[in-house]
Structure formats: structure tokens, C-alpha cells
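One structure is given below, encoded as C-alpha cells.
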């Protein structure tokens, strides 16, 4: 776990990795983005954890806009490498980056722990805020590292890069300024009990900075006060508990099964559906679909040339799958063949089929309505600055999610309602039932939350105690009142019967 790596870094490198940053890493993390990059035959899985607002705060700073190329944001990076690799050589290669710098300095290694290959680094803001640039930079960094560590890249292997962006609204706040990095250590208690003039600031390596500290301290103090004021009170919590019983659903486990052909398989299931007696899963790690019967038997695979993200049913034999490289694949699961390929104008994410049209999230900021040839019929803008990831269309309405909110629209794009609660974070997938109740998978807490069709009531339906572990996929089978749920890596999906109370 990254919080354990934080403690390790503090012990080994207190100069670079403060106790405050260790405490920050122990806070609840949210997955911002997941993607991969290939170095020859080695698959590098990259997970980004943090809060989008942290990056947006830098964008809102007028002083830094003038010199965006110089902005670097502190992160914690941890490598999860195969046990067969020589950890010492990997460490020495990365330590070389720390001593000599990287080619373009978009990723600066400041410190590294040999015991777990965890680094304190700084990443250029313009790179961190762009998935394609970040993928490219990590690819270059890892390619050089593999070469220096004498890793044979012609042999297939996988390893992970977990990157944590510290919470800037907590005890430690990082202010990035022109020419230099300034670390402002602002204690929450000080912020609450002192005036602006009384705040003490510790500044490191900032001899030439030209940032108006007074202006920024006021802004950070206001931010911290807002965070404190927005914490739910006891009355709010009691109100939430009281409405949980208003939703007319209960669940019972029908079946749990294993879709791994062998224990050595490394899966990363990102989405799932049930069509008749057939279950289909997108396997991000292995660029394939996994198909089996609803009891987990007759497992087979459909290999893909692209990395699959999201899936939707078109008919009893056909699915549409959104992939990387701006590709949507139309796949016949009976013949196990790709029948057509659609090129999209931007990165494609959540996808849903309704009334002969595909509804596709493009660039996480807009919804394209297109026919099965890829012709865009119309677009639906979404009223949020947050990244939209998944979508489902239910008769005359569509529901989409970002990491923290649920949005319900009419098909012409009019917002009908929005649902958001402070304790619901890291939403990754969404589906609806026959009564238009909305089910969301909360990856951070391993819970399924159901929200009423008007967005006014909600309750926690499934939790870790039901077997959820790194929950990701979720799909409601309307014809059978069955909820299909799958974890990310263990290869053990669940089928639950959903009933009215």
C-alpha cells in the first residue's frame, strides 16, 4: 500500500519526505486515472491516485499561468516490479535519474527508497494533466530504466506504476511558483485560530521566487476553511440513515464463480454485461474479452488489437466495446469476430446502446450520439468541469457519472437531477434497473450504492462484507432483475437477485 511506502520514505529520507506528507498519504485515496503503456513486450500498468481539485487549484493561480512550463507538482511513485527482476539494478537505474536528471526534466526524481522502489518526485503540471503526455513520459522513463537495469524487454512481463498526488487541502500544501518550488506547511489548527498576518510559513529552496505570498496564503486559508465548513454534521448523517430504508430493493447472492483459467492469470476487469446466458468481461490487462456461461463454465477469450475499457449490448449476439486509440469495436460474441471498427474524434470511454444509436463519452467532457457506422448525429454537452467516465441510457433518459457525482439527463441533454454526497467518492461504473433506480460502483470503498430515480434518496446496497474487493464492473440485467458485479483483479464475479422489499 502507498501509505506504507510513505512511512518508509519518511524513515529513510526525512529531508525530502516529511511526516506531514506521510500523514497525507494515509488519507483516503481516489483513483483519478488508469492506463497502460508498452515497452517492447513489457506492459506497464499506471494507476493515478488523488483528487482532481488539486490540479485545478494550480490552473486557477494567475501567477503560475504565465510560466506553466515551469510548474512541477510533487507526487509519490511506487513501482511494483516482478520478483524475478534485480531490484538493486532497478534502484540504481532510477537513482541515476535522481543524480543526473531525466532527458527533458518533465519528471524529476528527488528521492528513492531501495527497500520498496518508492520515489518522491515532481511531475510537470502540463504533463500530469494530460493522460497522453503522462503515458509518453512514463514510457520514456521506464524504457530507459529497463535498459539501464538490463531487463530483457523481448520477454513478456508486467509491472505497475502507482502515482499518488498528495492532498493539497490538508496539513501540507504545495504552492508551485515561477523558477522555484515553495513548500508551505500550513497547519489546519493554525489556519482556524490565527489571522492572515499570524500564519508562519516554512519556505524551502526559494531564493528567487516572485510569488505574492500574502495573496496565496489568503487563498489557501479560505480553501481550508471551506473544507472544514463543508464537513457533514451529525444531523446530516442521521438524515441520510433515515432515508436509506425508502428504496424498494434488497439483494440475495445467487452465484459466485471464477473466470480465471489458471491462478497465474493477471486480470484487470474494467466492465461487464450479461446477455441471455452469456457473461462478457473486458480484460484491460490482456487486451481481450472474457466470455463464459452464467454459471462460470465454458470460459473462452476473444483477443483484441486494442485495450478495452467499456462495453454495451447491441443485440443477443453483438456488443460494442470502447477502446484506447479512439476506437470502438463492434464484436460478434457468437462467432468471436470483429464485425466493424469505428474511429472516434477523441478518446472514448463510457458507452451505451439505445434505439439504434450509440451514446459515447468522448474526451470525458462530451457525449456523442452516433449510429453504428460511427456517423455522429448530435452531441450532448455535460454541465461539469469534472471528467465524465461512464454512461447508461434508460429509455428516455441518460445517466452519467464522474468520480463524485451522478447526473441524470433527458435525451435532448436537459439536466433533470444531480446526486452528490461527501461520503461517496471514486465512482467508476453505473447501471439502472427497471424502476430507473441508479446503481453505482464505488471503487474506493468497495460498495454498491443505489440512488432513487429522482435522485433524492440512496442507500448502500453491497459492501466489502459481501465479497467486494477492488470493485469495478457492475451491470443490471433488467429482464431477470439480476445485478452482475465484478472485482478488478481476483476474477470472481457475483450474480445477485434484486427484489422489492
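Numbering (the numbering used here), first residue to last: -4 to 496. No residue lacks a Cβ here, since even glycine has one placed at the ideal position from N, Cα and C.
Burial state of residue i, where buried means 16 or more other Cβ atoms lie within 10 Å
{"i": "residue 372", "result": "exposed"}
{"i": "residue 284", "result": "buried"}
{"i": "residue 437", "result": "buried"}
{"i": "residue 232", "result": "Note on residue 232: pLDDT 41, under 50, position unreliable in the model; no value is reported."}
{"i": "residue 142", "result": "exposed"}
{"i": "residue 225", "result": "Annotation note: pLDDT 46 at residue 225 (below 50); position unreliable, coordinate value reported separately. Answer is exposed; the Cβ neighbour count stays below 16."}
{"i": "residue 339", "result": "buried"}
{"i": "residue 120", "result": "buried"}
{"i": "residue 145", "result": "exposed"}
{"i": "residue 269", "result": "buried"}
{"i": "residue 483", "result": "buried"}
{"i": "residue 430", "result": "exposed"}
{"i": "residue 117", "result": "buried"}
{"i": "residue 290", "result": "exposed"}
{"i": "residue 42", "result": "buried"}
{"i": "residue 271", "result": "exposed"}
{"i": "residue 77", "result": "exposed"}
Which of helix, strand or coil DSSP assigns to residue i
{"i": "residue 379", "result": "coil"}
{"i": "residue 144", "result": "coil"}
{"i": "residue 190", "result": "In this prediction, residue 190 has a pLDDT of 38, which is less than 50 and means its spatial position is unreliable; what the coordinates show is noted afterwards. Reduced to three states, the DSSP call for residue 190 is coil."}
{"i": "residue 28", "result": "strand"}
{"i": "residue 139", "result": "helix"}
{"i": "residue 91", "result": "helix"}
{"i": "residue 359", "result": "coil"}
{"i": "residue 477", "result": "strand"}
{"i": "residue 252", "result": "coil"}
{"i": "residue 392", "result": "strand"}
{"i": "residue 490", "result": "strand"}
{"i": "residue 308", "result": "strand"}
{"i": "residue 278", "result": "strand"}
{"i": "residue 159", "result": "strand"}
{"i": "residue 132", "result": "helix"}
{"i": "residue 385", "result": "strand"}
{"i": "residue 458", "result": "coil"}
{"i": "residue 44", "result": "strand"}
{"i": "residue 83", "result": "helix"}
{"i": "residue 426", "result": "strand"}
{"i": "residue 408", "result": "coil"}
{"i": "residue 327", "result": "strand"}
{"i": "residue 170", "result": "Summary for residue 170: the model assigns pLDDT 33, below 50, so the residue's position carries little reliability, and this model does not support an answer."}
Sheet register partners of residue i (DSSP bridge)
{"i": "residue 123", "result": "Its beta-bridge partners do not exist; DSSP assigns none."}
{"i": "residue 117", "result": "69 and 103"}
{"i": "residue 33", "result": "38"}
{"i": "residue 365", "result": "353 and 371"}
{"i": "residue 348", "result": "353"}
{"i": "residue 414", "result": "401"}
{"i": "residue 303", "result": "318"}
State whether the stretch 417 to 432 contacts the stretch 456 to 474, with contact taken as three or more CB pairs (one from each stretch) at a distance under 8 Å. yes
Quick check: the stretch 250 to 261 against the stretch 303 to 316, are at least 3 beta-carbon pairs closer than 8 Å? no
Is the stretch 337 to 351 close to the stretch 379 to 386, with three or more CB pairs under 8 Å? yes
If contact is defined by three or more beta carbon pairs under 8 Å, each pair taking one atom from either stretch, is the stretch 68 to 77 in contact with the stretch 149 to 159? yes
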